[in-house]
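Protein chains in written order, with my numbering: chain A, 1 to 150; chain B, 151 to 300; chain C, 301 to 450; chain D, 451 to 600. Positions of the beta carbon are idealized from the N, C-alpha and C atoms, including for glycine. No experiment lies behind these values; they were computed from the predicted model shown.
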């Protein structure tokens, strides 16, 4: 399981900048209103306001939107542990939806479970927050592959 | 495996209307520019133009957007085989991303693999199309649960 | 995520007996040499000696054997939180294999992430142990459905 | 989706021999009574008699045993499309259990959905057979990684 102490490790500024720069190029994140809220070593958090534009038919967050936030959080968590000349692609992901995502804000946390040379396994957990309430709405496992940038 | 002949079965107008009506309430589908293009018994197709607003950092369709379209296609495929007083929720899903999704249009096909009383298993397949080119970009397995509407 | 304190909750003797009795009827567990080593509320542990009879071609534990132990651990973890007239079936499972499973003993831990009325989501983690070494070799997510016994 | 015509392609004898030789070293396959029944290009079939020694508590085939057969079928399907100096490891797999596996024989079919340089995605389908009855009991997606042998 991911070492929770690892998320406290400071990251080099260049790595944090690399994650922010890549995130800014993800049109889907802007379209969904998502923002990067934390970038640490092996752990990234993304937040997204729960609004009608990201809903399914009953007003809860659409599963695909949840997956979008969790997938980006997992991919960037993997990227924080890689050298500068690499980028990441998601090979596959699986998510269990634990409860309807309602409230004010969706928080998607991605963290590295195991970082390999080629493949990194991440876990993602999604929470719906409203005031001090925090409901665990989804849990994901994802496999990320490292690619050298051209 | 899904019986391919089943997709040719005609559906009652009320069922087709029910799917369209529910789809229209999915804010996320409108936000992503997705449209229902086929509703048959046990099989639903959704199309989505590939544009910068649904991209990841390299301009390909974001995995979460792909999942959003495939998940809705699978859920509605399940719904077509259920009685009128029910709705569907996704329990879990898993997707393998087979190739970068580039081109003009993303087509997400969902079909029922097995319809049970409570749980329905669906397969989803995503294709990126450009002219006569059609690339298989993703394959999904999803578990859908039936809920009685209030 | 599963509340780790929950695993400390004492279980009624009847529940523990129910799990042991069901486990004893699993022919596959005997065939693989697996034993129940812990049964707590929402958490079950199974151990299995790493021997040639459970191997894949390189002498490591076969992925299917790992899944067998993790699946039983998850199913019984779910069962501990249910009333006496029920049994469990696995709906689906997904596992990431993190490292080759070598050593003396495979330990498979299953714990409940979320217990619903019909569906329970569990996480399973597999460890290969040798002396004081403990390697995280697999992580699973599984969906378990509750059935009333006849 | 896998090209069904591909399974008709003849394989070189050396490749078929390589699969059989590797299978013979899988202790778990012998323990479970599994046999290789077909090896074609991108498609492998394994059969396993349904007996009490592979059962879960109700006498059906244990999910882990099903996964063991499907995982080996998928891995070897991937191997048939690779050069001679490679071997395969399963990165991850996900299976939906569609119906209880009862009858005389379990048949596990693995086929390649997409073969990449490093990663191959396979689909596995399990069937329980008794006389002329054939029930679809499981469907799997698996990611296989290619490793160069030492």
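| Check | Outcome |
| --- | --- |
| Rounded to whole angstroms, how far is the Cβ of residue 93 of chain A from the Cβ of residue 71 of chain A, which I believe are closer than 8 Å? | 6 Å |
| Below 7 Å, is the gap between the Cβ of residue 173 of chain B and the nearest heavy atom of the ligand MN? | Of the ligands one can find in the structure shown there are none, so the ligand MN has no counterpart to examine. |
| With distances taken from CA atoms, which of D:473, D:460, D:503 is nearest residue 492 of chain D? | D:460 |
| Considering residue 73 of chain A, what are the terminal residues of the alpha helix (DSSP H) in which it resides? | 63-79 |
| Which residues in chain B have a C-beta closer than 7 Å to the C-beta of residue 538 of chain D? List them in chain order. | Near residue 538 of chain D there are no residues of chain B at all, since even the closest Cβ is about 16 Å away, more than 7 Å. |
| How close, in whole Å, do the beta carbons of residue 169 of chain B and residue 195 of chain B come, if the pair is a contact with beta carbons under 8 Å? | Contact flag wrong, Cβ pair sits at about 11 Å. |
| Can you name the start and end residues of the beta strand (DSSP E) that residue 287 of chain B belongs to? | 283-298 |
| If you scan the segment 457-505 of chain D from start to end, which runs of the alpha helix (DSSP H) of 4 or more residues do you find wholly inside it? | 463-474, 477-482 |
| Shorter than 8 Å from the beta carbon of residue 242 of chain B to some beta carbon of chain A? | yes |
| So what does DSSP say about residue 575 of chain D, is it helix, strand or coil? | strand |
| Quick one: give me the first and last residue of the beta strand (DSSP E) that residue 98 of chain A is part of. | Here residue 98 of chain A belongs to no beta strand (DSSP E), and DSSP marks it neither H nor E. |
| If the cut-off is 8 Å on Cβ atoms, which residues from the segment 15-26 of chain A count as contacting chain B, listed in chain order? | 22, 23, 25, 26 |
| State the CB to CB distance for the pair residue 541 of chain D and residue 593 of chain D, rounded to an integer number of angstroms; the pair is presumed to be in contact (CB under 8 Å). | 4 Å |
| What does a CB cutoff of less than 6 Å around residue 74 of chain A pick up in its chain, not counting 5 residues either side in sequence? | 110, 122, 124, 142 |
| Can you check whether the CB of residue 548 of chain D is closer than 8 Å to the CB of residue 263 of chain B? | yes |
| Taking any Cβ of chain F, which residues in the segment 560-573 of chain D have a Cβ under 9 Å from it, in chain order? | Note that chain F does not occur in the displayed structure, where the protein chains are A, B, C and D. |
| Tell me which residues share the same chain as residue 512 of chain D and place their Cβ nearer than 8 Å to its Cβ, disregarding the 5 neighbours each side in the sequence. | 504, 505, 506 |
| So residue 567 of chain D is in the beta strand (DSSP E); what residue range does that whole segment cover? | Careful: residue 567 of chain D lies outside any beta strand (DSSP E) and carries neither H nor E. |
| Closest to residue 595 of chain D by C-alpha separation, out of D:526, D:550, D:546, would be which residue? | D:526 |
| Would you call residue 568 of chain D buried or exposed, if buried means 16 or more other Cβ atoms sit within 10 Å of its Cβ? | exposed |
| When you compare the CB of residue 593 of chain D with every CB in chain A, is at least one pair closer than 8 Å? | yes |
| Where does residue 580 of chain D fall in DSSP's three states? | strand |
| Taking the alpha carbon of residue 539 of chain D as the reference point, which residue from C:351, C:396, C:314, C:347 has its own alpha carbon closest? | C:396 |
| Please check if any C-beta of chain B sits within less than 8 Å of the C-beta of residue 52 of chain A. | yes |
| Determine the direct distance from the alpha carbon of residue 253 of chain B to that of residue 120 of chain A, and round the result to whole angstroms. | 28 Å |
| So is residue 61 of chain A in contact with chain C if we call contact Cβ pairs under 8 Å? | no |
| Could you check whether the Cβ of residue 230 of chain B sits closer than 8 Å to any Cβ belonging to chain A? | no |
| Using a Cβ-Cβ distance cut-off of 8 Å, determine whether residue 548 of chain D contacts chain B. | yes |
| Sorted by chain position, which residues of the same chain lie with C-beta nearer than 8 Å to residue 289 of chain B's C-beta, five sequence neighbours on each side aside? | 245, 246, 248, 273, 274, 275, 276 |
| Quick one: what does DSSP say residue 209 of chain B is sitting in, helix, strand or coil? | coil |
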